[in-house]
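Below: one structure, written as structure tokens.
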Amino acid sequence: MSDHGIYGVMAEFDSPSALVKATVAARAKGYRKLDAYTPFPIEELTEALHLHKNRLPLIVLAGGILGGLTGFFLQYGIAVLYFPINIAGRPLNSWPSFIIITFELTILLASLSAVLGMLALCGLPMPYHPVFNVARFSAASRNRFFLCIESKDPLFDAAGAREFLGTLEPKEVSEVAH
Amino acid sequence: MADDQQIVLEKPAPGEIIAPGYTFGTITDQIASVVLTKRTPLFWFAAFGLGGALLMLFLMAVTVLMAKGVGVWGIRTPVMWGFAITNFVWWIGIGHAGTLISAILLLLNQRWRNSINRFAEAMTLFAVACAGMFPLLHMGRPWLFYWMLPYPNTMAIEPQFRSPLVWDVFAVSTYATVSLLFWFVGLMPDLATLRDRTKNPIGRTIYGILAMGWRGSAHHWSIYETASLLLAGLATPLVLSVHTVVSFDFTIAIVPGWHSTFFPPYFVAGAIYSGFAMVLALAIPLRSVYGLQGLITDKHLDNCGKIMLGTGWIVAYAYLLELFAAWYGGNTYEQAAFWHRMTGPYAIQYWSLVACNILLLQILWFKKVRSSPTLLFLSSIVVLAGMWLERYMIIVSSLAQDFVPSSWGIFQGTRWDWATYLGTIGLFLFLFFLFVRALPMISIFEVRTLLPQAKVQKEAKS
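So the protein sequences, as listed, match chains A and B.
Residue 1474 is where the first sequence ends in our numbering, and the numbering goes up by one at each step.
Residue 548 is where the second sequence ends in our numbering, and the numbering goes up by one at each step.
Here is the structure:
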């Protein structure tokens, strides 16, 4: 990991506007390994951090297709191959009556992959994360907005990052221990 | 944090969905304090106690049912569905409002939903749990419920996939699973708030495990928002399909009074109608007991009232269309079925449901009524009763008097029918008030986004 011995430097702000402003400034300064912590989703922050489109829709699409195929072939397999019953010569593969279960399993597997995919892409559940070492971080789930410059950043040096964050009118700047 | 410790509230202006004077901090504190306080209001004990008592009645009714069989209910040939399926359809319908609020109104960008979606989704979950009891108990041998699922077995039997009853198994279990997932995903950031706010170490551990280490990272929020939208997009067709499939249980059969093509939209509208009635019946007492009038404002009640009025009219239209189709279709049995409904042994129920669902509904046209919580509460109870009668009518009267008069029979609910029904109301109240005590009943993070200060100012963006 880093030779800095810390996870990063974190600044606290008291409004979403201040945080977005600071994030834009940090990007402009050249920092790339940034993360912001907020009590609710802020659309402008996603742009300010240049977060790329995530792959979740693709995962959900794959889950949905898999669910649909499972649903249909489960019924086809049972009604046609495994347990064919001839009732007055009616077709075994009566697909219109298989549509509903196909649909339900499509939704089921797509939803499961949405949730599991979201957790996987976020790396959750995560029992430990260094940001929780900052004493005031518990306010990130209440009413405070945090910006963290991580030590992985090639431009990172603790004193420089502290000084830079200090110029953005934060409430407080603190180091994040590992 | 002394700057925003005090909750200074004015009465919200009419038409506003949140009272002025709230800050991110006070919203968090107010909603979290319902859970984190040591003082529980007397109302909670009363409601939870009532739920618990009725739940005991349910357990007793189920014990008797197991010991003696489904004969303790009033179901006799020809009416084999009776209370059980009536209650099933009623409860499933109630659940629909929760998904409508959480998914469809999210996609339609109706921001007022943010303060009522959480408990409405919880309502969905518990209503589906209550609904699920009835088909299971009605089977007579509930411990063999897994025979309904396709699994490799040595009996060489598999479900009949061409039967709407099997479709129902898949529709309802998918609905329950997806509702649970959606609810849990919505809870994650709020569980993190509770984890950070609680002073109780056991509570912190439990909320901490459930929050899965959520830390509000911007990277996570962007994925989270995608997931919410996708789940909403998936839940929307799902919720419409569930009551459609429930209505197929009837329409696919050739029983007069059931065999019609407009049942799906009629059932879905009825479901949303009764569901919003339940939302109001829960929201109105909760907001006054917990002093949440600043978050669940009169505007919310007004909107729910309007949705009830709209869906109520769809239901009224369906009643009329049903009669018209029977007359215009020229089918003697269909005509007889509706004539029996209006004049036969169940005439009282029929005319009461018309009174509850159509006539009394018309008071919701008046702004005065929609802005009076008491009147809204009473009308929602009337609608809930009316919708139960509607399901009872459809199921019982059609089965009681079908094609051949010699096979007719009359259904009467027994005390065990009533005990099971009241028992599931107990189960619902019990679960719902446990939820109110242990989890935030209003989505904290979504309400934060309603505040004017949540908007990022223009000059900050570039």
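Beta carbons: idealized from backbone N, C-alpha and C, even for Gly.
Shown here, R162(B) sits in a strand according to DSSP, grouped into three states.
Contact annotation: in the segment 1327-1342 of chain A, residues whose CB is within less than 9 angstroms of a CB in chain B are L1330, D1331, A1332, Y1333, T1334, P1335, F1336, P1337, I1338, E1339, E1340, L1341, T1342. Its chain contains no residue whose beta carbon lies nearer than 8 angstroms to that of L1365(A) once the 5 sequence neighbours on both sides are disregarded. By the C-beta density criterion, R162(B) is exposed, having fewer than 16 other C-beta atoms within 10 angstroms. Annotated three-state conformation of E244(B) is coil, per DSSP. Here G343(B) is buried: its Cβ has 16 or more other Cβ atoms, across all protein chains shown, within 10 Å.
Each of I480(B), D488(B), P526(B) was checked against the Cα of N173(B), and the nearest Cα belongs to I480(B). Put simply, the backbone Cα of L387(B) is about 54 angstroms away from that of Y1378(A). The C-beta of A1431(A) comes no closer than 8 angstroms to any C-beta of chain B.
Three or more Cβ pairs closer than 8 angstroms define a contact, and the segment 168-183 of chain B meets that threshold against the segment 481-500 of chain B. Listed along chain B, no residue sits closer than 9 angstroms to A1322(A) by beta-carbon distance, the nearest being about 12 angstroms off. DSSP, reduced to helix, strand and coil, places I1374(A) within a helical segment of the structure shown. Under the three-state reduction of DSSP output, F497(B) falls in the coil class, being neither helix nor strand. For L1345(A), the nearest CB of chain B lies under 8 angstroms from its own CB, placing it at the interface with that chain. In the three-state reduction of the DSSP assignment, Y432(B) falls in the coil class, being assigned neither a helical nor a strand state.
Using a CB distance below 8 angstroms, the part of the segment 1398-1422 of chain A facing chain B consists of F1399, E1400, L1401, I1403, L1404, A1406, S1407, L1408, A1410, V1411, G1413, M1414, L1415, L1417, C1418, L1420, P1421, M1422, ordered along the chain. The beta carbon of H1474(A) does not come within 8 angstroms of any beta carbon belonging to chain B, so the residue lies off that interface.
Assignment of alpha helix (DSSP H) within the segment 287-350 of chain B, counting only whole runs of 4 or more residues, yields 287-297, 304-337 in chain order.
For N1382(A), no chain B residue has a C-beta closer than 9 angstroms to its own C-beta; the minimum C-beta separation is roughly 14 angstroms. Inter-residue distance for L381(B) and K285(B) is about 25 angstroms (C-alpha atoms, whole angstroms). According to the DSSP secondary-structure assignment, I1445(A) is paired through a beta bridge with V1305(A), L1330(A). The way I'd put it, the segment 174-189 of chain B does touch the segment 352-367 of chain B; three or more beta-carbon pairs between them come closer than 8 angstroms. Note on geometry: alpha-carbon atoms of G218(B) and A339(B) lie some 22 angstroms from one another.
Taken through DSSP and simplified to helix, strand or coil, E1468(A) comes out as strand.
Judged by DSSP in its simplified three-state form, A1473(A) adopts strand.
The way I'd put it, the segment 1397-1407 of chain A does touch the segment 250-269 of chain B; three or more beta-carbon pairs between them come closer than 8 angstroms. CA-CA distance, A1324(A) to H182(B), rounds to 48 angstroms. Ranked by Cα distance from H306(B), the first of G1301(A), P1335(A), A1435(A) is P1335(A). Rounded to whole angstroms, the Cβ separation of W474(B) and L395(B) is 20 angstroms, and the two are not in contact under 8 angstroms.
For the segment 1439-1454 of chain A, residues whose beta-carbon sits nearer than 7 angstroms to a beta-carbon of chain B comprise N1439.
DSSP places D388(B) inside the alpha helix (DSSP H), whose first and last residues are 384-415. The residue among I309(B), V375(B), A215(B) with its C-alpha nearest the C-alpha of Q116(B) is V375(B).
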